[in-house]
Structures are given as C-alpha cells and as structure tokens.
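Please read the structure below before turning to the comments.
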Amino acid sequence: MLSDPTHKTTQKFGAWQKKQFMGRTFMGIVRSSFLIGKTGKIEEVWPLVKAKGHPAAVLKRLSQK
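Under the working numbering, the first residue of the sequence shown is numbered 1348, with each subsequent residue one higher.
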C-alpha cells in the first residue's frame, strides 16, 4: 500500500491515467499491484487489478519463490 498525494510515484509506475466514469473523463489511479524483489527490481506487474480474486493471485505468485 502506498500513499502518493503528489502522484509522482504513480506517474512513474504508469498507474496515474485518464479514466472515464458516467460520461466524465478525469485523471485517477488505475488500481495496480507491483511485486518488488529484494534487490528493488520489479518482478511482476498486475495492471487493472480487480479486488475480487487478486489477493489469491498474489499469494500464488509469492508461493512460487
């Protein structure tokens, strides 16, 4: 979980994007998850995450290590 009130980190990770809702276009955070390894390298990216089922997918990936 990351708090990013200035959007600097979310922009660097590509998670700050144009979104649409009820005919309105606006900038917002696209729910995404990133698995960062011990060396600081991104090992896995889950773009456009849905809350339902996602924790199980992450746990499955973590158990593969």
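Every residue gets a Cβ at the ideal spot worked out from N, C-alpha and C, and that includes glycine. Treat the numbers as computed from the prediction; the structure is a model and nothing was measured.
Straight-line Cα distance separating residue j from residue i
i	j	result
glycine 1361	leucine 1395	11 Å
glutamine 1367	lysine 1397	16 Å
arginine 1408	lysine 1385	15 Å
lysine 1399	glycine 1370	25 Å
8 Å contact criterion, which residue i and residue j should meet: CB distance rounded
i	j	result
serine 1380	histidine 1401	7 Å
tryptophan 1393	alanine 1403	The Cβ separation is near 12 Å, so there is no contact.
Spatial neighbours of residue i in its chain, beta-carbon cut-off 7 Å, leaving aside the 5 residues before and after
i	result
aspartate 1351	Thr1357
leucine 1349	Thr1356
Reference residue i; option with closest CA among the options
i	options	result
glutamine 1364	Arg1371, Gly1370, Val1377	Val1377
Neighbourhood of residue i by C-beta distance below 8 Å, restricted to the same chain and skipping five residues each side
i	result
isoleucine 1383	Ile1389, Glu1390
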